[in-house]
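Novice: Before anything else, here's the structure in question.
Chains as they are written, first to last, in my numbering: chain A, 113 to 339; chain B, 79 to 630.
The structure is reproduced here in structure tokens:
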């Protein structure tokens with residue numbers, strides 16, 4: 113009994129010394145941790161209820177001019193579109209290339225929740241000069257994990273080039289992206305394909321800041337004929 | 079209707095009202111205002127600190143009445159509270175308002191009370207705000223009690239009803255200073271009711287029979303000169319009644335003032351509190367009239383209640399209550415009604431009209447301000463439903479009317495369920511106002527994920543640099559984090575590189591763009607529709623996080 117009590121006291125003393133030593137080591141001689149009093153949040157009344165779209169200031173500046181090679185044309189208009197969700201919640205996939213970019217209801221297709229893609233078949237390989245994507249712009253939103261890939265393989269197994277990827281935590285599993293997230297506006301998102309030659313364009317997204325659904329108002333692909 | 083049937087039906091209504099109020103209280107993300115109130119309550123809970131702020135946040139009753147709920151549920155600190163715990167408070171008082179309709183049975187009868195209770199239980203707007211940690215449902219509860227107590231006193235004068243009315247009045251004032259609108263509407267309705275009564279009598283009323291049950295001082299003509307012994311006796315009785323009436327009024331007023339003083343002064347710890355509550359009228363009267371964020375047209379409340387449909391969202395309507403209330407007013411004016419019923423129903427009609435007009439005329443409007451005047455609509459709707467059922471003699475037609483009413487109330491219940499659950503944070507719900515988006519909770523989860531891989535865990539240094547309207551409800555969601563600082567501008571904050579996690583609004587993010595682009599990984603999150611917060615995670619912590627994910 114006595115022995116166990118002695119052992120217990122010794123163990124406690126040892127732990128105590130260890131803890132104090134750790135603290136002592138953590139403090140440089142003559143110095144101690146600065147306890148900063150952090151400012152508290154200001155109490156304030158009810159914020160404005162935003163009933164109209166895009167009332168809040170969005171700091172994105174207007175996009176400058178886009179320069180492309182001479183002879184560049186819109187090649188995606190009315191081209192066939194397929195999608196990972198061929199039974200959209202709202203609209204149909206054909207809306208993606210129908211040339212209508214209005215933000216109202218009736219102009220966008222809504223694909224199911226989570227990771228989804230739409231794919232445009234340009235019918236022939238082209239030298240891509242510019243891709244513009246309008247996910248949804250009647251309300252300020254950010255779409256998650258936007259990835260734009262091109263390929264000549266309709267199944268995107270071989271020869272896949274990734275032109276844009278802002279999936280910075282790789283939650284969609286297509287690799288870690290370095291591009292920044294952006295707020296949707298009526299200007300659409302410009303992706304520079306740098307003249308990459310391809311027939312198929314696949315655009316991924318993984319829900320948005322308002323809900324888990326995926327939307328496309330329009331995708332425009334500009335290209336010159338492949339040499 | 080016999081007592082057992084009434085008790086059974088009332089119990090069923092209570093069960094329904096409870097089901098709509100108490101389940102899934104944590105479902106909806108905390109609203110800006112709820113978070114404000116909850117963090118203020120946290121200071122009272124942890125340190126016993128509450129000081130009335132005449133510039134905002136209304137009265138103290140919400141905080142003091144939250145204390146027993148927190149204690150019973152074992153929460154002693156803000157960090158131990160959760161959404162369910164604090165929303166239990168309005169849910170409890172929302173249910174309490176339904177129970178208080180029992181006080182109305184002697185005033186309007188069992189049948190009307192049952193229909194009224196059903197309306198209170200199932201009204202979407204009442205259900206929605208019974209699940210919302212702000213003062214309005216408490217105000218509704220105390221208002222329901224006050225109106226009942228005043229009229230029970232009028233029917234059967236006694237000091238107990240006077241003190242009860244005083245208690246409810248004091249609690250109304252201690253809940254919201256702006257309850258003066260309801261007090262003013264009640265006073266105007268009493269006056270208008272009295273004028274109408276005199277006009278319909280065609281001459282001055284006869285001397286009241288003293289001591290008679292259900293006779294209040296308003297029925298007594300205290301100035302009529304005595305012309306015989308009998309009249310003299312009655313006059314001396316009238317003097318006694320007048321003295322008792324004065325004493326009762328003094329007791330009621332005293333109770334109301336005492337309750338208000340106790341709460342506004344934080345139980346005498348802040349003696350200025352009560353005076354500040356009176357000085358707040360200036361603040362609120364300026365805010366009510368000024369052109370600002372919340373200015374809405376006069377028809378705002380009635381349109382919201384009558385019909386609402388936004389985009390692809392469902393149709394919302396409490397039109398049934400409005401129509402039945404109109405029928406109730408018509409029934410109140412009908413000569414066949416019993417005198418006692420009629421005087422109360424006429425008062426109720428005037429109260430509803432005056433308070434609706436008052437709230438509608440004030441330019442500052444938010445959906446929760448519907449509650450105080452909507453009580454009148456619902457009670458009148460109970461009267462309207464009863465009147466409608468008794469209009470027809472044919473049993474078949476009565477059964478058809480009953481089925482129609484049942485279907486209408488069922489539809490109200492379905493909308494209430496939709497408002498509280500599927501559309502709890504959806505802007506297509508007419509009662510959703512500046513609501514935090516569900517996507518905001520992903521930001522909170524991300525911060526928690528970062529803390530999980532940070533060596534300091536929940537003591538990691540976190541900076542919030544955002545305008546006050548963009549800051550809330552962050553302080554509530556970050557309540558368990560030890561080192562969080564809040565700044566409204568980047569130039570007033572320490573260099574952002576010190577913080578492992580930085581949360582900014584979009585404006586401050588653009589000011590810090592170069593630093594953030596170099597040292598941080600940034601993500602957007604929707605705070606409210608059209609309003610974003612940007613979460614920035616320092617690259618070293620982000621790499622740790624990615625490593626932890628790849629290890630799984």
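Virtual Cβ for every residue (Gly too), placed ideally from N, Cα, C.
Can you list, in chain order, the residues of its chain with a C-beta nearer than 7 Å to that of residue 440 of chain B? Leave out the 5 residues immediately preceding and following it.
Specialist: By one-based count along the second chain, residue 440 of chain B stands at place 362. For residue 440 of chain B, where only same-chain residues beyond five positions count, the Cβ hits under 7 Å are 366.
Novice: Taking its Cβ as the centre, do 16 or more other Cβ atoms sit within 10 Å of residue 592 of chain B, making it buried, or is it exposed?
Specialist: In the second chain, counting from the first residue as 1, residue 592 of chain B sits at position 514. Result: exposed.
Novice: Can you give me the Cβ contacts of residue 266 of chain B inside the same chain, cut-off strictly under 6 Å, excluding the 5 residues immediately before and after it?
Specialist: As a first step, residue 266 of chain B must be located in the second chain, where it is residue number 188. So the list reads 432, once near-sequence residues are dropped.
Novice: What's the call for residue 287 of chain A, buried or exposed, on a 16-neighbour Cβ count within 10 Å?
Specialist: Counting from 1 along the first chain, the entry for residue 287 of chain A is found at position 175. Its Cβ having fewer than 16 others within 10 Å, residue 287 of chain A is exposed.
Novice: I need the DSSP call for residue 336 of chain A, collapsed to helix, strand or coil.
Specialist: Mapped onto the first chain, residue 336 of chain A falls at position 224. In the structure shown, residue 336 of chain A sits in a strand (DSSP, three-state: E or B).
Novice: Just by C-beta distance, which residues in the segment 126 to 137 of chain B are closer than 8 Å to chain A?
Specialist: Within the segment 126 to 137 of chain B, the residues whose Cβ lies closer than 8 Å to some Cβ of chain A are 131, 134, 135, listed in chain order.
Novice: So does the segment 470 to 480 of chain B actually touch the segment 213 to 231 of chain B, counting three or more Cβ pairs closer than 8 Å?
Specialist: Cβ pair count under 8 Å is below three, so no.
Novice: Just to confirm my understanding: we take residue 123 of chain B, look at its own chain, exclude 5 residues before and 5 after, and list those with CB closer than 6 Å. What are they?
Specialist: The residue given as residue 123 of chain B occupies position 45 in the second chain. Contacts found: 148.
Novice: In angstroms with no decimal places, state the Cα-to-Cα distance between residue 627 of chain B and residue 460 of chain B.
Specialist: The count along the second chain starts at 1 and reaches residue 627 of chain B at position 549. The count along the second chain starts at 1 and reaches residue 460 of chain B at position 382. Between residue 627 of chain B and residue 460 of chain B, the C-alpha separation is close to 59 Å.
Novice: Under the rule that 16 or more other beta-carbon atoms within 10 Å means buried, what is residue 102 of chain B, buried or exposed?
Specialist: Start at 1 with the first residue of the second chain, and residue 102 of chain B comes out as number 24. Per the 10 Å Cβ criterion, exposed.
Novice: Any idea if residue 534 of chain B is buried or exposed, counting beta-carbon neighbours within 10 angstroms, 16 or more meaning buried?
Specialist: Here the question's residue 534 of chain B lines up with position 456 in the second chain. Burial call: exposed.
Novice: Using alpha carbons as the reference points, say which of B/230, B/196, B/278, B/145 lies closest to residue 84 of chain B.
Specialist: Here the question's residue 84 of chain B lines up with position 6 in the second chain. Ranking B/230, B/196, B/278, B/145 by Cα distance to residue 84 of chain B puts B/196 first.
Novice: When DSSP labels each residue in this structure, what does residue 301 of chain B get in the three-state scheme?
Specialist: By one-based count along the second chain, residue 301 of chain B stands at place 223. The pLDDT assigned to residue 301 of chain B is 42, lower than 50, so where the model puts this residue is not dependable, and the model offers no usable value.
Novice: Less than 7 Å between C-beta atoms, sequence neighbours within five positions excluded: which residues of the same chain meet that for residue 497 of chain B?
Specialist: Stepping through the second chain from its first residue, residue 497 of chain B is reached at position 419. 202, 205, 206, 507, 509.
Novice: Quick test of your reading: residue 249 of chain A and residue 297 of chain A, contact by CB under 8 Å. State the CB separation rounded to the nearest angstrom.
Specialist: Residue numbering aside, residue 249 of chain A sits at position 137 when the first chain is read from its first letter. Residue numbering aside, residue 297 of chain A sits at position 185 when the first chain is read from its first letter. Their Cβ separation, rounded to whole angstroms, is 6 Å, which keeps residue 249 of chain A and residue 297 of chain A in contact under 8 Å.
Novice: Give every residue of the same chain whose Cβ lies closer than 6 Å to the Cβ of residue 501 of chain B, excluding the five residues on either side of it in the sequence, and list them in chain order.
Specialist: Counting from one through the second chain, the residue named residue 501 of chain B turns up at place 423. Answer for residue 501 of chain B: 507, listed in chain order.
Novice: With DSSP collapsed to three states, give me the class of residue 161 of chain B.
Specialist: On the second chain, position 83 is the one that residue 161 of chain B refers to. It is helical.
Novice: Taking all protein chains shown into account, do 16 or more other C-beta atoms lie within 10 angstroms of the C-beta of residue 114 of chain B, making it buried, or fewer, making it exposed?
Specialist: Within the second chain, numbered from 1, the residue matching residue 114 of chain B stands at position 36. By the neighbour-count rule (16 or more Cβ atoms within 10 Å), residue 114 of chain B is buried.
Novice: Classify residue 272 of chain B as helix, strand or coil using the three-state DSSP reduction.
Specialist: In the second chain, counting from the first residue as 1, residue 272 of chain B sits at position 194. Residue 272 of chain B falls in the helix class under three-state DSSP.
Novice: Please state the DSSP three-state secondary structure of residue 270 of chain A.
Specialist: The count along the first chain starts at 1 and reaches residue 270 of chain A at position 158. It is coil, neither helix nor strand.
Novice: Can you list, in chain order, the residues of its chain whose CB lies under 6 Å from that of residue 227 of chain A, leaving out five sequence neighbours each side?
Specialist: Here residue 227 of chain A is taken as the residue at index 115 of the first chain, counted from 1. The residues are 284, 318.
Novice: Mind checking residue 403 of chain B: buried by the 16 CB within 10 Å criterion, or exposed?
Specialist: Taking the second chain and counting its residues from 1, one reaches residue 403 of chain B at position 325. Buried: at least 16 other Cβ atoms inside 10 Å.
Novice: What's the call for residue 596 of chain B, buried or exposed, on a 16-neighbour Cβ count within 10 Å?
Specialist: Along the second chain, read from residue 1 onward, the residue named residue 596 of chain B stands at position 518. Counting Cβ neighbours within 10 Å, residue 596 of chain B comes out exposed, since fewer than 16 surround it.
Novice: I'd like to know if the segment 562 to 579 of chain B and the segment 135 to 143 of chain B are in contact, where contact means that at least 3 CB-CB pairs between them fall below 8 Å.
Specialist: No contact exists between the segment 562 to 579 of chain B and the segment 135 to 143 of chain B.
Novice: Jot down the residue ranges of each uninterrupted alpha helix (DSSP H) in the segment 223 to 256 of chain B, minimum 4 residues, whole runs only, in chain order.
Specialist: Whole alpha helix (DSSP H) segments, 4+ residues: 237 to 253.
Novice: Suppose you measure from the CA of residue 181 of chain A to the CA of residue 258 of chain A; what does that come to, to the nearest Å?
Specialist: Stepping through the first chain from its first residue, residue 181 of chain A is reached at position 69. Stepping through the first chain from its first residue, residue 258 of chain A is reached at position 146. One C-alpha to the other measures close to 26 Å.
Novice: Would you mind giving the Cβ-Cβ distance between residue 193 of chain A and residue 230 of chain A, rounded to the nearest angstrom? I have them listed as a contact below 8 Å.
Specialist: Looking up residue 193 of chain A in the first chain gives position 81. Looking up residue 230 of chain A in the first chain gives position 118. With a Cβ gap of about 6 Å, residue 193 of chain A and residue 230 of chain A count as contacting.
Novice: Here's the rule: buried if 16 or more other CB atoms are within 10 angstroms of the residue's CB, otherwise exposed. What is residue 604 of chain B?
Specialist: Here residue 604 of chain B refers to the residue found at position 526 of the second chain. Answer is buried; the Cβ neighbour count reaches 16.
Novice: Of all Cβ atoms in chain A, is any one closer than 9 Å to the Cβ of residue 609 of chain B?
Specialist: What you label residue 609 of chain B is simply residue 531 of the second chain in a count that begins at 1. With 9 Å as the cut-off, residue 609 of chain B counts as an interface residue toward chain A.
Novice: Tell me, please, whether the CB atom of residue 546 of chain B is closer than 9 Å to any CB atom in chain A?
Specialist: The residue you call residue 546 of chain B lines up with position 468 of the second chain. Output row for residue 546 of chain B: interface = yes.
Novice: Taking buried to mean at least 16 other C-beta atoms within 10 Å of its own C-beta, is residue 647 of chain B buried or exposed?
Specialist: The requested residue 647 of chain B is not part of the displayed model; chain B covers only 79 to 630.
Novice: Which residue's Cα is closest to the Cα of residue 203 of chain A: A/150, A/213, A/211, A/217?
Specialist: If you number the first chain from 1, residue 203 of chain A lands on position 91. The shortest C-alpha separation from residue 203 of chain A is found at A/217.
Novice: Assuming residue 503 of chain B and residue 107 of chain B are in contact, meaning their beta carbons sit under 8 Å apart, how far apart are those beta carbons, in whole angstroms?
Specialist: In the second chain, the residue the question calls residue 503 of chain B occupies position 425. In the second chain, the residue the question calls residue 107 of chain B occupies position 29. The pair is a contact, with the Cβ atoms about 6 Å apart (cut-off 8 Å).
Novice: What are the complete alpha helix (DSSP H) segments, minimum 4 residues, inside the segment 121 to 154 of chain B?
Specialist: DSSP runs (the alpha helix (DSSP H)) wholly in the segment 121 to 154 of chain B: 139 to 150.
Novice: Using the three-state DSSP reduction, which class does residue 166 of chain A fall into: helix, strand or coil?
Specialist: Residue 166 of chain A sits at position 54 when you count from the first residue of the first chain. Confidence in residue 166 of chain A is poor, its pLDDT being 42 and thus under 50, which makes the residue's placement too unreliable to answer from.
Novice: Tell me the rounded alpha-carbon separation between residue 594 of chain B and residue 112 of chain B.
Specialist: In the second chain, counting from the first residue as 1, residue 594 of chain B sits at position 516. In the second chain, counting from the first residue as 1, residue 112 of chain B sits at position 34. The straight-line gap from Cα to Cα measures roughly 31 Å.
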